[in-house]
Structures are given as structure tokens and as C-alpha cells.
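Offset between the sequence shown (1-based) and the numbering used here: plus 1. Yeah, the Cβ is synthetic: ideal placement off N, Cα and C, and Gly gets one too. In this text, all values refer to a predicted model and were calculated from it rather than measured experimentally. Data block below; observations after.
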Amino acid sequence: MPTRILIVGAGAIGAFFGSRLATVPQVLISALCRSNYNAVKKGGFKITSPQFGDYVFKPEFTFCNPDEAQQESQEKQLRWDYLLVATKVLPEVSDVSRLLEGLIDDKTSIVLVQNGLGIEKPYRARFPGTTILSAVTIASAVQNEPGTITHNRWTRLSIGPYLPDSTLNQENPESSRDTTRTKAFVDLLEAGGITDAIPYAAASLQLLRWHKLAINAAINASSVLSGGCGNAALADDPELAIHLLGVMNEVLATGAKVLGYESFPFQELKLATPEQVLASVRKNTSGSRPSMWWDWAEGRPMEVEAILGEPVRVAREIGVEMGRTQSLYALLRMAQEKRDGGREGKGRL
């Protein structure tokens with residue numbers, strides 16, 4: 002029997018990883034699309050990559066909405082081994098977990114390739130018996146036009162089971178099913194040429210999520226609030242560099258406390274310190290800007306809650322105030338509301 006994977010949210014990241022998985026023998030990839038449905042249905046995804054070259058990936062099935070995916074899955078008796086969710090996390094707009102209803106059985110695992118904190122909670126609440134794999138990626142890809150994907154650099158994806166309240170000081174062992182399905186998905190990625198797919202234990206994966214969150218919270222929000230300053234320009238400015246370091250250090254220190262660590266274990270996990278992150282960002286002279294800036298500029302909802310609001314709320318639950326991050330959250334939340342025609346003072350803090 003083939004391994005079937007459905008990409009839910011087939012934008013740049015979902016399509017890129019789906020295209021690599023599609024090169025593996027006996028792996029069949031389908032896509033649940035939105036705005037790019039017509040282009041993908043007609044010609045598939047056109048991928049350009051400095052590492053993998055130019056190629057076309059045509060999904061086995063291309064669905065235009067969840068109802069069609071559920072109906073065809075039932076009619077054709079399709080069983081999904083993995084549902085790879087790569088949508089933006091916008092809890093104030095919609096609950097994406099509901100899109101998976103009718104697509105899950107006892108062999109299905111949910112793979113969340115998304116930014117932000119607490120992204121797994123809606124899926125765990127809706128599907129309590131399903132294996133959830135939480136993934137963090139630094140792959141850079143954009144969809145220049147519907148169905149046309151440019152992979153710029155990096156392919157790293159870190160993945161591990163999601164276990165609620167998993168901390169260093171709390172025994173919460175992963176089941177053999179969690180471990181097996183994590184390894185099986187990593188094996189598929191490696192077979193598709195993603196050689197830096199790395200499995201992690203549940204607690205370590207959440208540390209990686211806080212690490213990625215620190216970078217996103219600092220750079221994404223600051224790009225918007227600075228009027229569209231690019232990544233390298235942010236890191237090059239002396240005052241902004243101090244600000245970025247302050248935000249990253251605050252987020253990382255909070256993440257360590259939440260997960261039961263005395264300090265953030267950079268060496269243990271072989272992760273870059275904030276200073277090393279900025280040094281790397283300064284080398285990126287392409288003028289690139291983070292995705293949040295483009296969402297802002299094009300009038301789309303931004304991942305304000307997942308990247309800024311949720312860590313502030315989680316910190317308050319343990320009696321910690323995140324002054325720098327809370328300021329970014331309050332300002333960006335209100336800026337988005339005013340951009341979209343909302344009234345001053347409306348919203349949740």
C-alpha cells in the first residue's frame with residue numbers, strides 16, 4: 002500500500018516539502034488548496050530551487066475545499082497516513098483543526114509545520130487520540146504567483162511528538178507509536194532529499210519552538226513597526242540590534258522557565274545564541290523581508306497572536322511579564338486593527 006499524505010495549506014512551505022516527499026517511491030501527495038487551486042489543478046506546482054533545480058510536482062488529488070476532500074476521501078476510500086498542516090496560525094480568524102474532520106482514522110498522524118506557540122492545542126482538543134507531530138522549519142520559500150514556488154535556501158525541519166506539559170522535570174514518556182511515526186516521517190523526508198530533517202523528543206522540540214519564536218517575534222514584528230525594514234538592515238542598525246537582542250533574550254529566558262529549565266540550553270541543542278542569529282542575519286544581503294511584513298503590506302491578517310500574544314499570555318500564567326514582547330504585541334495588534342478599520346480599544350490583550 003502506498004503512503005498517502007495530504008498537504009493542508011499548500012502555500013510555499015507546504016508545497017515545497019510536499020514536492021520533495023512526492024519524489025519518494027510509493028508516496029502519493031495530495032493538496033488542499035485555496036487561492037492557488039485553479040493553477041495547481043491545471044498544471045501542478047512549478048518549483049525552482051538552487052538545491053533541487055526546476056521541476057513540476059502534480060498532486061495525486063487537488064481539493065478546493067475541506068468538503069471536497071472529505072467527500073472524495075470517502076468515495077475513493079482514501080486513508081491518509083499524514084495530514085501535513087502548513088497554514089498560517091490565525092486563531093482569531095479561524096480554527097484550522099476543524100478542516101481535518103472526516104479525514105482522520107486510527108493510522109493518521111497530524112504534522113504541524115507552523116510558526117508560533119501553542120499551535121498544537123486545538124488539534125489535541127479536537128483529536129485526542131491522534132498522534133500529533135510538531136515541526137519547526139527554517140526553510141525559505143515564497144509563492145510568487147499561484148502554483149509557482151521559489152525555494153531560496155535551507156531545508157531544515159525539526160520534528161517531534163506533541164505531549165502537553167512536557168518539561169525537563171516531568172516524566173512524560175513518548176509512546177512507541179509517537180516515536181515510530183516521528184522516525185517514519187523523518188525517513189520519508191530524507192528519502193526526498195531533505196537531509197537535515199531531525200527528530201527530537203517532545204520537550205526538546207518545544208525548546209526549538211521557543212527558539213524559532215524568539216527570532217520571529219523580534220524580526221517579524223520589528224520589520225512591520227519600522228516601516229518595512231529588511232532583515233539585514235534591522236540587524237545592522239545599532240539601536241535596532243540592541244532591541245532585537247533584548248526581545249530574543251526575553252523570549253528565550255521565558256521559554257526556559259516555562260519548560261522547567263534554569264537557562265536556555267543552547268549548547269545542549271546546538272542552537273545559535275541571539276548574537277549568532279544576528280551575525281547570520283547581517284550576512285543576508287539580498288534585502289529580504291519577513292513574511293509578516295508582506296502580510297501587513299498586502300492587507301492580510303498577521304500571525305500576531307501565535308507569535309506575540311500567546312507567549313505573553315503563557316508567561317503571565319507563571320507570573321512573568323515580558324515587557325519588550327508585550328509592547329510589540331500591543332502596538333502591532335492595534336496597528337492591524339486600525340489598518341483593517343477597527344475601533345480603538347477593541348480587541349483582547
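Item to check | Inter-residue CB distance, SER159 and ALA136 (contact presumed, cutoff 8 Å) | outcome: Contact between SER159 and ALA136 holds, with the beta-carbon distance rounding to 7 Å and staying under 8 Å.
Next on the checklist: I want to know whether the segment 59 to 78 touches the segment 27 to 45 - three or more CB-CB distances under 8 Å.
Outcome noted: Flag = yes, the segment 59 to 78 and the segment 27 to 45 touch.
Item to check | Cβ-based burial, ASN39 [other Cβ within 10 Å; buried from 16] | outcome: By the Cβ-count criterion, ASN39 is exposed, with fewer than 16 other Cβ atoms from all chains shown falling within 10 Å of its own Cβ.
Next on the checklist: Runs of 4 residues minimum, wholly inside the segment 162 to 241: which ones carry the alpha helix (DSSP H) assignment?
Outcome noted: You should have 177 to 192, 203 to 226 and 232 to 237.
Item to check | Backbone secondary structure at GLY348 - three-state DSSP | outcome: Residue confidence is low: GLY348 scores 43 on pLDDT, short of 50, so the model does not pin down where it sits. Its coordinate-derived value is still stated next. DSSP places GLY348 in coil when its eight states are reduced to three.
Next on the checklist: Taking the beta carbon of PRO239 as the centre, do at least 16 other beta carbons fall within 10 Å, making it buried, or is it exposed?
Outcome noted: Burial is judged here by how many other beta carbons sit within 10 angstroms of a residue's own beta carbon; PRO239 has fewer than 16 and is exposed.
Item to check | Under the three-state DSSP convention, the category ASP106 falls into | outcome: It is coil, neither helix nor strand.
Item to check | Bridge-paired residues (DSSP) for GLN144 | outcome: Answer is ILE150.
Item to check | C-alpha gap between VAL187 and GLY342, whole angstroms | outcome: CA-to-CA, the gap between VAL187 and GLY342 works out to about 44 Å.
Item to check | Environment of ALA126 [buried if 16+ CB atoms lie within 10 Å] | outcome: By the 10 Å Cβ count, ALA126 comes out exposed.
Checklist entry - Roughly how many angstroms lie between the CA atoms of TYR124 and ARG178, to the nearest whole one? => result The alpha-carbon atoms of TYR124 and ARG178 are separated by roughly 18 Å.
Item to check | For THR262, the three-state DSSP class (helix, strand or coil) | outcome: Note that residue 262 is Tyr in the sequence shown, not Thr. Of the three classes helix, strand and coil, the one that applies to TYR262 here is coil, per DSSP.
Checklist entry - My guess is that ILE14 and VAL114 are in contact by the Cβ rule of under 8 Å, so how many angstroms apart are they, rounded? => result ILE14 to VAL114, Cβ: 6 Å. Contact.
Checklist entry - By Cβ distance below 7 Å, which residues in the same chain neighbour LYS108 in space, the five residues on each side in sequence not counted? => result The residues are ARG80 and ASP82.
Checklist entry - Of the residues LEU235, LEU7, PRO275 and GLY320, which one's Cα is nearest the Cα of TRP294? => result Of the listed residues, the one whose Cα sits closest to TRP294 is LEU235.
Item to check | THR255 versus ILE139: straight-line alpha-carbon distance, rounded | outcome: Between the alpha carbons of THR255 and ILE139 lies a distance of about 22 Å.
Item to check | GLU191 versus VAL9: straight-line alpha-carbon distance, rounded | outcome: If I take the Cα positions, the gap works out to 21 Å.
Next on the checklist: Let's test the definition: count the other Cβ atoms within 10 Å of the Cβ of GLN75 and tell me whether it reaches 16, buried, or not, exposed.
Outcome noted: Exposed, because fewer than 16 other Cβ atoms sit within 10 Å of the Cβ of GLN75.
Checklist entry - Relative to the C-alpha of ALA336, which residue among SER264, LYS271 and VAL225 is closest? => result Nearest C-alpha to ALA336: VAL225.
Checklist entry - Which stretch, first to last residue, makes up the beta strand (DSSP E) that contains LYS47? => result Judged by DSSP secondary structure, LYS47 falls within the beta strand (DSSP E) whose first and last residues are 46 to 50.
Item to check | Beta-ladder partner(s) of PHE17, from DSSP | outcome: Answer is none; PHE17 lacks a bridge partner.
Next on the checklist: Let me check one thing: in DSSP terms, what residues is VAL321 bridge-paired to?
Outcome noted: Note: VAL321 sits in no beta bridge, so no partner.
Checklist entry - Does the beta-carbon distance from SER289 to ASN232 come in below 7 Å? => result Closer than 7 Å, so yes.
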